[in-house]
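Note sheet for the following structure.
In our numbering, the protein residues as written are 72 to 137.
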């Protein structure tokens, strides 16, 4: 579960960096920045739901990820 959470965090940061790149490169003329930020929000929501589900089903113990 720890590896999955770390992978999601890496993908979220990559999406954020990509959105910044498109913002600077396109100077706000295209919708690629909005799409990348939407991907980031979706990944964050999925990560949150996975962590909550993992805690509920006992994959993540009460002491947290170690």
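Cβ coordinates follow ideal geometry from the N, Cα and C atoms, glycine included.
Classify residue i: buried if its beta carbon has 16 or more other beta carbons within 10 angstroms, exposed otherwise.
{"i": "residue 107", "result": "buried"}
{"i": "residue 134", "result": "exposed"}
{"i": "residue 90", "result": "buried"}
I believe residue i touches residue j by the beta-carbon criterion, under 8 Å. Please report the beta-carbon distance rounded to the nearest angstrom.
{"i": "residue 114", "j": "residue 76", "result": "About 11 Å; that fails the 8 Å criterion."}
{"i": "residue 125", "j": "residue 72", "result": "5 Å"}
{"i": "residue 120", "j": "residue 79", "result": "Not quite, the Cβ-Cβ distance comes to about 11 Å (not below 8 Å), so this is no contact."}
{"i": "residue 86", "j": "residue 105", "result": "Actually they are not in contact, since the Cβ atoms of residue 86 and residue 105 sit about 12 Å apart, beyond 8 Å."}
CB residue i to CB residue j, shorter than 9 Å?
{"i": "residue 101", "j": "residue 93", "result": "yes"}
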